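Reviewing the structure listed below.
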Amino acid sequence: GDAESGDFTVRRRAIRVRSCALSGDALKAPVVSDAFGQLFNKLDVLEQLSSKSLPDAFSHIRGLRDLIDVKSQPPKANSDYVHGDGAPFCQCPLTGSSFDGSEPFVVVRTTGWLMAQKAISELGEEALQDEYGPFKREDLVTAAPDPDDVREASKALAEKRAAAKAKKKAAKRAKGTAVD
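Take the sequence shown: its letters are residues 879 to 1058, numbered as in my numbering.
Listed below in C-alpha coordinates is the structure:
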(Lines of atoms letter the chains of each structure in order from A and count residues from 1; the text may use other names and numbers.)
(Lines give C-alpha, C1' and ligand atoms only; values in the text may rest on other atoms or scores of the structure.)
Protein backbone atom coordinates (compact mmCIF):
# COMPACT_ATOMS: atom_id res chain seq x y z
CA GLY A 1 0.00 0.00 0.00
CA ASP A 2 1.61 3.20 1.26
CA ALA A 3 5.16 1.90 1.22
CA GLU A 4 4.83 0.97 -2.44
CA SER A 5 3.34 4.29 -3.51
CA GLY A 6 6.13 6.13 -1.67
CA ASP A 7 8.71 4.00 -3.45
CA PHE A 8 7.15 4.82 -6.83
CA THR A 9 7.21 8.52 -5.99
CA VAL A 10 10.95 8.34 -5.26
CA ARG A 11 11.51 6.31 -8.41
CA ARG A 12 9.50 8.77 -10.56
CA ARG A 13 11.49 11.68 -9.13
CA ALA A 14 14.76 9.83 -9.82
CA ILE A 15 13.74 9.29 -13.44
CA ARG A 16 12.56 12.93 -13.80
CA VAL A 17 15.91 14.37 -12.63
CA ARG A 18 17.88 12.21 -15.08
CA SER A 19 15.66 12.78 -18.14
CA CYS A 20 15.03 15.57 -20.59
CA ALA A 21 11.52 16.93 -19.88
CA LEU A 22 10.85 17.15 -23.62
CA SER A 23 12.28 13.97 -25.14
CA GLY A 24 12.64 11.69 -22.11
CA ASP A 25 16.23 10.92 -23.12
CA ALA A 26 19.00 10.93 -20.52
CA LEU A 27 20.30 14.42 -19.74
CA LYS A 28 23.66 15.20 -21.27
CA ALA A 29 25.53 18.48 -21.67
CA PRO A 30 24.62 21.04 -22.84
CA VAL A 31 21.53 21.23 -20.62
CA VAL A 32 19.07 24.12 -20.35
CA SER A 33 16.26 24.96 -17.96
CA ASP A 34 13.01 26.84 -18.45
CA ALA A 35 11.63 29.41 -16.00
CA PHE A 36 9.98 26.61 -14.00
CA GLY A 37 13.13 24.51 -13.49
CA GLN A 38 12.37 21.78 -16.02
CA LEU A 39 15.59 20.43 -17.50
CA PHE A 40 16.13 19.78 -21.20
CA ASN A 41 18.86 18.61 -23.52
CA LYS A 42 19.58 21.83 -25.39
CA LEU A 43 19.75 20.14 -28.79
CA ASP A 44 16.30 18.52 -28.33
CA VAL A 45 14.70 21.88 -27.52
CA LEU A 46 16.46 23.65 -30.40
CA GLU A 47 15.27 21.00 -32.87
CA GLN A 48 11.68 21.34 -31.66
CA LEU A 49 11.84 25.15 -31.70
CA SER A 50 13.31 25.29 -35.20
CA SER A 51 10.70 22.92 -36.60
CA LYS A 52 7.96 24.75 -34.65
CA SER A 53 6.77 21.41 -33.25
CA LEU A 54 7.10 22.09 -29.53
CA PRO A 55 4.24 20.36 -27.65
CA ASP A 56 1.57 22.57 -26.02
CA ALA A 57 2.88 21.65 -22.57
CA PHE A 58 6.01 23.66 -23.43
CA SER A 59 4.28 26.58 -25.18
CA HIS A 60 5.82 28.95 -22.60
CA ILE A 61 9.16 28.41 -24.38
CA ARG A 62 9.07 30.79 -27.32
CA GLY A 63 12.77 30.94 -28.07
CA LEU A 64 16.27 30.81 -26.65
CA ARG A 65 15.57 33.86 -24.48
CA ASP A 66 13.15 31.70 -22.44
CA LEU A 67 15.88 29.17 -21.61
CA ILE A 68 18.70 29.23 -19.09
CA ASP A 69 22.02 27.50 -19.81
CA VAL A 70 22.58 25.20 -16.84
CA LYS A 71 26.01 25.17 -15.22
CA SER A 72 26.77 22.04 -13.21
CA GLN A 73 29.58 19.96 -11.82
CA PRO A 74 30.01 16.50 -13.37
CA PRO A 75 29.48 13.58 -10.96
CA LYS A 76 32.35 11.73 -9.37
CA ALA A 77 33.49 8.90 -11.61
CA ASN A 78 32.88 6.14 -9.09
CA SER A 79 29.95 7.67 -7.22
CA ASP A 80 27.60 5.27 -5.51
CA TYR A 81 24.04 6.11 -6.46
CA VAL A 82 21.12 4.42 -4.83
CA HIS A 83 18.01 6.13 -6.16
CA GLY A 84 16.79 4.85 -9.51
CA ASP A 85 18.71 3.41 -12.41
CA GLY A 86 21.58 5.06 -14.25
CA ALA A 87 24.23 7.47 -13.10
CA PRO A 88 23.27 10.98 -12.01
CA PHE A 89 23.73 13.80 -14.50
CA CYS A 90 25.73 15.96 -12.08
CA GLN A 91 26.43 16.76 -8.46
CA CYS A 92 26.23 19.85 -6.27
CA PRO A 93 29.45 21.87 -6.53
CA LEU A 94 29.24 22.70 -2.80
CA THR A 95 27.96 19.60 -1.00
CA GLY A 96 29.00 16.93 -3.51
CA SER A 97 25.46 15.48 -3.36
CA SER A 98 24.44 13.58 -6.48
CA PHE A 99 21.57 15.02 -8.52
CA ASP A 100 19.65 11.75 -8.36
CA GLY A 101 16.29 12.79 -6.91
CA SER A 102 17.16 11.91 -3.32
CA GLU A 103 17.26 15.57 -2.27
CA PRO A 104 15.93 18.80 -3.78
CA PHE A 105 18.12 20.83 -6.11
CA VAL A 106 17.53 24.35 -7.43
CA VAL A 107 18.46 26.25 -10.56
CA VAL A 108 19.67 29.81 -10.08
CA ARG A 109 17.80 31.59 -12.88
CA THR A 110 20.22 34.52 -13.10
CA THR A 111 23.40 32.45 -13.45
CA GLY A 112 22.23 28.94 -14.39
CA TRP A 113 23.96 27.11 -11.52
CA LEU A 114 22.38 23.82 -10.48
CA MET A 115 22.99 23.13 -6.79
CA ALA A 116 21.51 21.39 -3.76
CA GLN A 117 18.85 23.32 -1.86
CA LYS A 118 20.66 22.22 1.31
CA ALA A 119 23.80 24.14 0.28
CA ILE A 120 21.87 27.40 0.00
CA SER A 121 20.00 26.91 3.26
CA GLU A 122 23.18 25.96 5.16
CA LEU A 123 25.59 28.53 3.70
CA GLY A 124 23.11 31.33 3.04
CA GLU A 125 22.63 33.39 -0.10
CA GLU A 126 25.25 36.02 0.81
CA ALA A 127 28.06 33.45 1.08
CA LEU A 128 27.36 32.21 -2.45
CA GLN A 129 27.12 35.55 -4.27
CA ASP A 130 30.79 35.81 -5.32
CA GLU A 131 31.06 32.46 -7.06
CA TYR A 132 27.45 31.54 -7.94
CA GLY A 133 25.65 34.91 -7.98
CA PRO A 134 24.32 37.44 -8.27
CA PHE A 135 20.93 36.08 -7.22
CA LYS A 136 18.09 36.65 -4.79
CA ARG A 137 15.75 34.16 -3.12
CA GLU A 138 13.15 34.65 -5.89
CA ASP A 139 15.75 33.70 -8.53
CA LEU A 140 15.87 30.13 -7.19
CA VAL A 141 13.57 27.59 -8.82
CA THR A 142 13.22 23.91 -7.99
CA ALA A 143 15.06 21.75 -10.52
CA ALA A 144 13.01 19.04 -12.27
CA PRO A 145 9.74 19.95 -10.52
CA ASP A 146 6.60 17.83 -10.40
CA PRO A 147 4.72 18.13 -13.74
CA ASP A 148 1.50 19.14 -11.95
CA ASP A 149 3.24 22.16 -10.41
CA VAL A 150 4.57 23.14 -13.82
CA ARG A 151 1.12 22.97 -15.45
CA GLU A 152 -0.28 25.43 -12.90
CA ALA A 153 2.65 27.82 -13.25
CA SER A 154 2.52 27.56 -17.04
CA LYS A 155 -1.19 28.49 -17.09
CA ALA A 156 -0.49 31.47 -14.83
CA LEU A 157 2.36 32.61 -17.10
CA ALA A 158 0.19 32.26 -20.22
CA GLU A 159 -2.54 34.37 -18.61
CA LYS A 160 0.02 36.99 -17.54
CA ARG A 161 1.45 37.18 -21.07
CA ALA A 162 -2.04 37.42 -22.61
CA ALA A 163 -2.96 40.26 -20.23
CA ALA A 164 0.28 42.11 -21.03
CA LYS A 165 -0.33 41.66 -24.77
CA ALA A 166 -3.91 42.95 -24.45
CA LYS A 167 -2.71 45.94 -22.42
CA LYS A 168 -0.04 46.74 -25.01
CA LYS A 169 -2.58 46.42 -27.81
CA ALA A 170 -5.04 48.71 -25.98
CA ALA A 171 -2.29 51.28 -25.38
CA LYS A 172 -1.31 51.17 -29.05
CA ARG A 173 -4.96 51.62 -30.07
CA ALA A 174 -5.36 54.52 -27.66
CA LYS A 175 -2.17 56.12 -29.00
CA GLY A 176 -3.37 55.62 -32.57
CA THR A 177 -6.70 57.36 -31.91
CA ALA A 178 -4.98 60.23 -30.04
CA VAL A 179 -2.79 60.95 -33.09
CA ASP A 180 -5.71 60.98 -35.54
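Glycine included, C-beta positions come from ideal geometry on N, C-alpha and C. On a predicted model such as this, the values are computed, not experimentally measured, just so you know.
Take S901 and list the residues in its own chain whose beta-carbon comes closer than 7 Å to its own, dropping the five residues that flank it on each side.
-> N919, D922
Beta-carbon gap between I946 and V985 smaller than 8 Å = Closer than 8 Å, so yes.
Do the CB positions of P982 and C968 come within less than 8 Å of each other?
-> Not a contact, by the Cβ cut-off of 8 Å.
How close, in whole Å, do the beta carbons of V1028 and Q916 come, if the pair is a contact with beta carbons under 8 Å?
-> Indeed, because the Cβ distance is near 6 Å, the residues count as touching under 8 Å.
Starting from the C-beta of E1016, find all residues in its chain whose C-beta is less than 6 Å away, skip the five residues before and the five after it, and write them out in chain order.
-> none
Does the Cβ-Cβ distance between L992 and K949 come in under 8 Å?
-> Taking 8 Å as the cut-off, the beta carbon of L992 is found closer than this to the beta carbon of K949.
Would you mind sorting G1054 into buried or exposed? The rule is 16 or more other CB atoms within 10 Å of its CB.
-> exposed
Within the 8 Å Cβ cut-off, does R943 reach chain C?
-> The displayed structure is made up of one protein chain only, and chain C is not part of it.
What are the boundary residues of the alpha helix (DSSP H) that includes S928?
-> Going by DSSP, S928 is part of the alpha helix (DSSP H) stretching over 920–928.
Tell me where the alpha helix (DSSP H) around L1006 begins and ends.
-> 1003–1010
Is it buried or exposed for R1051, if we count other Cβ within 10 angstroms and need 16 for buried?
-> exposed
Rounded to a whole number of angstroms, what is the C-alpha to C-alpha distance between S976 and E1030?
-> Rounded to the nearest whole angstrom, the C-alpha separation of S976 and E1030 is 28 Å.
DSSP-derived helix/strand/coil call for A1041 = helix
Classification of S832 by the beta-carbon crowding that lies within 10 angstroms, buried from 16 upward | Because residue 832 is not part of the residues shown, which for the chain are 879 to 1058, the question remains open.
Measure how close the beta-carbons of A913 and D944 come, nearest whole angstrom, since I'm counting them as under 8 Å.
-> 7 Å
Return the bridge partner residues of L992 from the DSSP annotation.
-> V985
Rounded to whole angstroms, how far is the Cβ of A994 from the Cβ of C970, which I believe are closer than 8 Å?
-> For A994 against C970, the beta-carbon gap comes to about 4 Å, under 8 Å, which counts as contact.
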